[in-house]
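Number of protein chains: 2
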Amino acid sequence: MNSDINLLLNNKVSWLADCGPSEDIAISSRIRLARNLEGVPFPPHATPAQLNEIINTVEMAVQRNKELEPFLKFKIGETSDLDKMVMFERRLISREFMEKSDPGELLVTADESFGIMVNEEDHLRMQFMRSGFQLKNVWQEINRIDDILSNQLPYVFNKDLGFLTSCPTNVGTGIRASVMLHLPGLVLSNQINAVIQGVSKLGLVVRGIFGEGTQNLGNLYQVSNQSTLGESEEQIIERLGNVITQIINHEKNARRNLLETNQPFLLNHVGRAYGTLRHAYILSSAEALDSLSALRLGVDMGMFSSVDIHTVNELFIIINPAHLQKYAGKELDSSERDIYRAVLVRERLKASDRGK
Amino acid sequence: MNSDINLLLNNKVSWLADCGPSEDIAISSRIRLARNLEGVPFPPHATPAQLNEIINTVEMAVQRNKELEPFLKFKIGETSDLDKMVMFERRLISREFMEKSDPGELLVTADESFGIMVNEEDHLRMQFMRSGFQLKNVWQEINRIDDILSNQLPYVFNKDLGFLTSCPTNVGTGIRASVMLHLPGLVLSNQINAVIQGVSKLGLVVRGIFGEGTQNLGNLYQVSNQSTLGESEEQIIERLGNVITQIINHEKNARRNLLETNQPFLLNHVGRAYGTLRHAYILSSAEALDSLSALRLGVDMGMFSSVDIHTVNELFIIINPAHLQKYAGKELDSSERDIYRAVLVRERLKASDRGK
């Protein structure tokens, strides 16, 4: 039986609600692994019957396992567009998976830390997420689960190439590790482009919160590895982690420098953003993200003792269109969303005020 | 002996702090009378010795009178530029009086409801101010004082023309009556220009808060009579009052209409203004006035139970440059004023919040 999307909506999202290392700058760490099963073509070339067979095989493997947490289960073909959009906004499924019509399924733990997209581009796309900057812990977690599953699932593995995948760019380790960073200091001091260029030269990729083309929203940047071949998982994570550490230091310096050389500008930037979020009645998505970014900076700087950083983190997700419509309990057009977004933000920040 | 400007700064301003009729739209009512004394040329043509003689004569007349309240006394030649600017911002003296170098004096009651500029363009320019829309009461008050003074001061009066004045436009009654109106509804609904044109055709004058050229600041408009000849004071006040009543009704309709047809726009306009005033750290004079106007509209509409309308009224005055520098206790350049203006506004609104 399929699960209800409300099981997700009513929960705190662990990777947003928990505390994590360097959480003033690193929102979350994520690792995903691409895996395929022997004897069945990769999803783009498989028949619906074969894809359903994969779903059954994976379901049985995870259910059989006492070591794994229980999973919520969402059959993509039986899920409404709005609910799929909610999963996308929660970073549980990809845009491609959201739009597919072939048999596919999302398996996800109730705390949303671990999920498997079955029959996205590969038979299994599993991901593990934690708040803050903790790639090594995330690797241990997902590696443990992968080991368990590999005992029950016949992964396609070539001793020379490693794991085989639908797209050649994932062959080898099938790993993509990423950290979502909040970099308002580098943006406000006009250093961000130099940092992005530097990171790109090191063979890493910088993207926006929801992937390509969303680069600047809320000053959130996902930094991830490009290549999956020629290095071990640990080496990939080590190399990525070293660069992340450097970016975090750059951001810290930028913030300190702004505070020392132009404190009124910074206070004004943050204060006005809070004023807007707390008191506006019409709020576009872009303005909300920009203002949340400034507010988060203010919280990090200790300006708003009443506002919890995890409330701000969660707002980054729930101000998106599908979440707004789920909370409102009805379809909303663009201008209705701008009004309801303002309601939701005001209420959350007001509740945060009262809490302290 | 001269008085200290702090006697004014530490007081509440009665015409801002008291309640008055229609105070949701009418900030204040003011009447000034121009009078001159026999035997001495009008100030532009008098010698310093003659001007000093006028000052002595007026001082003795007001001191001798038990029926009059005590006056604070400011010799314009012994007052700093900053202190004169404070008086100008409090609407106690005119721009011309502020800039003059000949002997002149301001006599003003401690509550600032009544004042006399001695040796402005005329020997006496006296004014009476009350909060709200109450021209008739103000006329009774100033007429009573004028009667008392006329017993002791030899006013220049011609039985055909009436009171003679330095400038022919004031001859006759020497009266200028004005009401300061807050008209955000007419501005937001683009009706203000039609109203101003209509009022002008009736022989009345519309100006900004500090006179000509300040038309749009804070959506505050002073409406006053143009002519002083050919009608009695009561007729002038009656005619002006009728027009003011109509403008107030127009403004009420405009507000009601905005609330009925575009409530989110209105709430957003007001909420954002409050957010800016409450949380900005850099605040220009123009933005402060616009935001205060929107906040006052919100208070009138009952949106901010914690904010007192008189706090907002007073902010319209004390955010001006001279007041800011007096409160700061030092000279401030333009960007320092923008920072200190934000401090003052935040503190006042915060105190207002705590008060309820």
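Residue numbers (our numbering), protein chains in the order written: chain A, 149 to 504; chain B, 149 to 504. Think of the CB as a built atom: it goes at the ideal place given N, C-alpha and C, for glycine as much as any other residue.
* Can you find at least 3 beta carbon pairs, one from the stretch 156–164 of chain A and one from the stretch 254–269 of chain A, that sit closer than 8 Å? -> Contact between the stretch 156–164 of chain A and the stretch 254–269 of chain A is present: three or more C-beta pairs spanning the two stretches fall below 8 Å.
* To do: Would you mind working out which of A:499, A:498, A:467, A:497 sits nearest residue 484 (chain A), comparing C-alpha positions?
  => The residue with the shortest Cα to Cα distance from residue 484 (chain A) is A:467.
* So which residues on chain D does residue 422 (chain B) lean against when the C-beta distance must stay under 7 Å? -> Judged by its chain identifiers, the structure shown contains no chain D, and its protein chains are A and B.
* Asked: Interface residues of chain A around residue 419 (chain B) at Cβ under 7 Å?
  -> In chain order: 427, 428, 429.
* Range of the contiguous beta strand (DSSP E) that encloses residue 276 (chain B) -> Where residue 276 (chain B) is concerned, the enclosing beta strand (DSSP E) stretches over 272–279.
* To do: Could you name each continuous alpha helix (DSSP H) segment of 4 residues or more that falls completely within the stretch 403–471 of chain B, going from the start of the chain to the end?
  => You should have 411–427, 433–448, 457–466.
* Buried/exposed call for residue 208 (chain A), threshold 16 Cβ in 10 Å -> Looking at its Cβ environment, which holds fewer than 16 other Cβ atoms inside 10 Å, residue 208 (chain A) is exposed.
* Pair every Cβ in the stretch 394–401 of chain A with every Cβ in the stretch 458–475 of chain A, then say whether three or more of these pairs are closer than 8 Å. => Because the criterion of three Cβ pairs below 8 Å is not met, the stretch 394–401 of chain A and the stretch 458–475 of chain A do not touch.
* Please name the residues in the stretch 210–228 of chain A whose beta-carbon is closer than 8 Å to at least one beta-carbon of chain B, in chain order. => When C-beta distances to chain B are compared with 8 Å, every residue of the stretch 210–228 of chain A stays at or above that value.
* Asked: How would you write the range of the alpha helix (DSSP H) that residue 204 (chain A) sits in, first residue to last?
  -> In the DSSP assignment, residue 204 (chain A) falls within the unbroken alpha helix (DSSP H) covering 196–212.
* Given that residue 487 (chain A) touches chain B, what residues does it touch there, using C-beta distances under 8 Å? -> Near residue 487 (chain A) (Cβ distances below 8 Å), the residues of chain B are 412.
* Asked: Sorted by chain position, which residues of the same chain lie with C-beta nearer than 6 Å to residue 501 (chain B)'s C-beta, five sequence neighbours on each side aside?
  -> Listed in chain order, the non-local C-beta contacts of residue 501 (chain B) below 6 Å within the same chain comprise 454, local neighbours out to five positions each way being set aside.
* Asked: Under 9 Å between C-beta atoms, does residue 157 (chain A) make it to chain B?
  -> For residue 157 (chain A), not one C-beta of chain B is nearer than 9 Å to its own C-beta.
* Could you say which of B:331, B:192, B:373 lies nearest to residue 315 (chain B) if we only look at CA atoms? => Nearest to residue 315 (chain B) by alpha-carbon distance, out of B:331, B:192, B:373, is B:192.
* Can you tell me which of B:372, B:492, B:166, B:216 puts its alpha carbon nearest to the alpha carbon of residue 297 (chain B)? => Ranking the options by Cα distance to residue 297 (chain B), first place goes to B:216.
* Looking at chain B, which residues of the stretch 266–279 of chain A have a Cβ within less than 7 Å of any of its Cβ atoms? -> Hits within the stretch: zero.
* **is_contact[residue 463 (chain A), chain B] using C-beta, thresh 9 Å** => Not one beta carbon of chain B lies nearer than 9 Å to the beta carbon of residue 463 (chain A).
* Asked: Within 10 angstroms of its Cβ, does residue 232 (chain B) collect 16 or more other Cβ (buried), or is it exposed?
  -> Result: buried.
* Asked: What is the DSSP secondary structure of residue 310 (chain B), counted as helix, strand or coil?
  -> DSSP places residue 310 (chain B) in strand when its eight states are reduced to three.
* Give, in chain order, every unbroken run of the beta strand (DSSP E) that is at least 3 residues long and sits entirely within the stretch 328–370 of chain A. => Fully enclosed beta strand (DSSP E) runs of no fewer than 3 residues occupy 352–355 of the stretch 328–370 of chain A, in order along the chain.
* Roughly how many angstroms separate the alpha carbons of residue 460 (chain A) and residue 436 (chain A), rounded to a whole number? -> Near 11 Å, if we compare the C-alpha coordinates of residue 436 (chain A) and residue 460 (chain A).
* **Option nearest residue 434 (chain B) by Cα separation, candidates B:266, B:489, B:497** => The option with the nearest alpha carbon to residue 434 (chain B) is B:489.
* Rounded separation between residue 389 (chain A) and residue 223 (chain A) - CA only -> For residue 389 (chain A) and residue 223 (chain A), the gap between their C-alpha atoms comes out near 35 Å.
* Leaving out five residues on either side along the sequence, give the residues of the same chain with a beta carbon under 8 Å from the beta carbon of residue 249 (chain A). => Cβ within range, chain order: 225.
* Asked: chain B partners of residue 416 (chain A), CB-CB under 8 Å?
  -> Taking the beta carbon of residue 416 (chain A) as reference, the chain B residues within 8 Å of it are 428, 429, 430, 490, listed in sequence order.
* Asked: Just the Cα atoms here: how many angstroms apart are residue 288 (chain A) and residue 277 (chain A)?
  -> Each residue's CA atom was taken as its position, placing residue 288 (chain A) and residue 277 (chain A) some 12 Å apart.
* Are there 16 or more other CB atoms within 10 angstroms of the CB of residue 373 (chain B), so buried, or fewer, so exposed? -> It is buried - the Cβ of residue 373 (chain B) has at least 16 other Cβ atoms within 10 Å.
* Using the beta-carbon count (16 or more within 10 Å), is residue 411 (chain B) buried or exposed? -> Around the beta carbon of residue 411 (chain B), fewer than 16 other beta carbons lie within 10 angstroms, which makes this residue exposed.
* To do: Using the Cα positions of residue 152 (chain A) and residue 263 (chain A), report the straight-line distance between them to the nearest angstrom.
  => Using only the alpha carbons, I get a separation of about 16 Å.
* Sorry if obvious, but does the Cβ on residue 438 (chain A) come closer than 8 Å to a heavy atom of the ligand SAH? -> Of ligands this structure carries none, so the ligand SAH is not represented either.
* To do: Could you spell out the range, first to last residue, of the alpha helix (DSSP H) harbouring residue 244 (chain B)?
  => Unbroken alpha helix (DSSP H) run through residue 244 (chain B): 243–247.
* Asked: Would you call residue 251 (chain A) buried or exposed, if buried means 16 or more other Cβ atoms sit within 10 Å of its Cβ?
  -> Label assigned to residue 251 (chain A): buried.
* Asked: By a C-beta neighbour count over all protein chains shown, 10 Å radius and 16 as the cutoff for buried, is residue 474 (chain A) buried or exposed?
  -> So residue 474 (chain A) ends up on the buried side.
* To do: Provide the residue span of the alpha helix (DSSP H) that contains residue 165 (chain B), from first to last.
  => Unbroken alpha helix (DSSP H) run through residue 165 (chain B): 162–165.
* On the three-pair Cβ rule with 8 Å, is the stretch 404–424 of chain B touching the stretch 376–391 of chain B? -> The stretch 404–424 of chain B makes no contact with the stretch 376–391 of chain B, as fewer than three CB pairs between them are under 8 Å.
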